[in-house]
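Everything below concerns the one structure shown next.
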Amino acid sequence: DAKTTQPPSMDCAEGRAANLPCNHSTISGNEYVYWYRQIHSQGPQYIIHGLKNNETNEMASLIITEDRKSSTLILPHATLRDTAVYYCIARNYGGSQGNLIFGKGTKLSVKP
Amino acid sequence: NAGVTQTPKFRILKIGQSMTLQCTQDMNHNYMYWYRQDPGMGLKLIYYSVGAGITDKGEVPNGYNVSRSTTEDFPLRLELAAPSQTSVYFCASSYGVGYEQYFGPGTRLTVT
């Protein structure tokens, strides 16, 4: 699975959009980009994933650059409850194990 | 659906003691995983299972054992607990490889 690089921390004002970047310059053609988040002391929570097209669901939007070397997770209207560590993971959709390889992620602090 | 449940929530063990961490899912998922998370770090895979009766080692299996006699349950056994096993343990399940993983609330284990 490709290595991903994320800033260690970011701040965002409540009600504003939070844009979390992720670099995955060595991603291969069959690797998807997944985003999970972990609110303090809880189990990780799936947010969204995509291959090359932009994706949107009820939680967030995922923008993947055309060369697929980077992506951005967008939380359109951040709330205090969005304060969490956000993990960007690049992995094959297939494979034998299916486990996720978590880095250190980005600690997002949403401030009032 | 209760999702993924884990018991106990907290446990303190003395060095050399043994215990079993319980994990149950009610989503009829084939894949189940055990991860551990040390302070300030990402999750690391201990063991995983692709179905009842099938288990395999992950990245950090030493000191642990698992079994999968039913689709629903995936207990993790610690034999001869050591201080290095102090961690938060998360169980997860998914429908298959590439599908989102659902995590339990975690078990916080301290070995002294």
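Each protein sequence line maps, in turn, to chains A and B. For what it's worth, my numbering labels the leading residue of the first sequence as 1, then goes sequentially. For what it's worth, my numbering labels the leading residue of the second sequence as 1001, then goes sequentially. By construction, the Cβ of each residue, glycine as well, lies at the ideal position given by its N, Cα and C atoms.
For residue i, the three-state DSSP class (helix, strand or coil)
i: A/Asp82; result: helix
i: A/Pro21; result: strand
i: B/Gln1085; result: helix
i: B/Asn1001; result: coil
i: A/Ile47; result: strand
i: B/Lys1057; result: strand
i: B/Ala1052; result: coil
i: B/Arg1011; result: strand
i: B/Glu1072; result: coil
i: B/Leu1109; result: strand
i: B/Val1097; result: coil
i: A/Ile89; result: strand
i: B/Gln1006; result: strand
i: A/Gln42; result: coil
i: A/Thr4; result: coil
i: A/Arg68; result: coil
i: A/Thr26; result: coil
With 16 other Cβ atoms within 10 Å as the buried cut-off, status of residue i
i: A/Glu58; result: exposed
i: B/Gly1016; result: exposed
i: B/Leu1043; result: buried
i: B/Ser1080; result: Reading off the sequence, residue 1080 of chain B comes out as Leu, not Ser. Exposed is the call here.
i: B/Phe1010; result: exposed
i: A/Asp67; result: exposed
i: B/Asn1028; result: exposed
i: A/Ser71; result: buried
i: A/Arg189; result: In this structure chain A extends from 1 to 112, so residue 189 of chain A is not present and cannot be described.
i: B/Ala1002; result: exposed
i: A/Pro76; result: exposed
i: B/Ile1046; result: buried
i: B/Thr1007; result: exposed
i: B/Gly1040; result: exposed
i: A/Asn30; result: exposed
Alpha-carbon to alpha-carbon, residue j and residue i
i: B/Thr1024; j: A/Ala2; result: 31 Å
i: B/Ser1094; j: B/Gln1101; result: 5 Å
i: B/Pro1083; j: B/Val1111; result: 5 Å
i: A/Ala13; j: A/Ser28; result: 35 Å
i: A/Leu18; j: A/Asn54; result: Looking at the sequence itself, residue 18 of chain A is Ala, so the reference to Leu does not match. So the alpha carbons of these two residues sit roughly 16 Å apart.
i: B/Ala1052; j: B/Asp1038; result: 28 Å
i: B/Gly1063; j: B/Leu1078; result: 6 Å
i: A/Lys52; j: A/Thr65; result: 8 Å
i: A/Ser109; j: A/Ile48; result: 20 Å
i: A/Ile16; j: A/Ala78; result: Strictly speaking, residue 16 of chain A in this sequence is Arg, with Ile absent from that position. The straight-line gap from Cα to Cα measures roughly 6 Å.
Residue i - partner residues in DSSP beta bridges
i: B/Asn1065; result: B/Arg1077
i: A/Met10; result: A/Leu108
i: A/Leu73; result: A/Leu20, A/Leu62
i: B/Phe1103; result: B/Ala1092
Any non-hydrogen atom of the ligand HEM closer than 7 Å to residue i Cβ
i: B/Gly1058; result: The model on display carries no ligand, and the ligand HEM is accordingly not part of it.
Contact with chain D by residue i, beta-carbon distance below 8 Å
i: B/Met1041; result: Reference to chain D is not applicable here, since the protein chains of this structure are A and B.
Worksheet entry | Secondary structure, beta strand (DSSP E): runs of 3+ residues fully inside the stretch 1016-1046 of chain B | 1019-1025, 1031-1037
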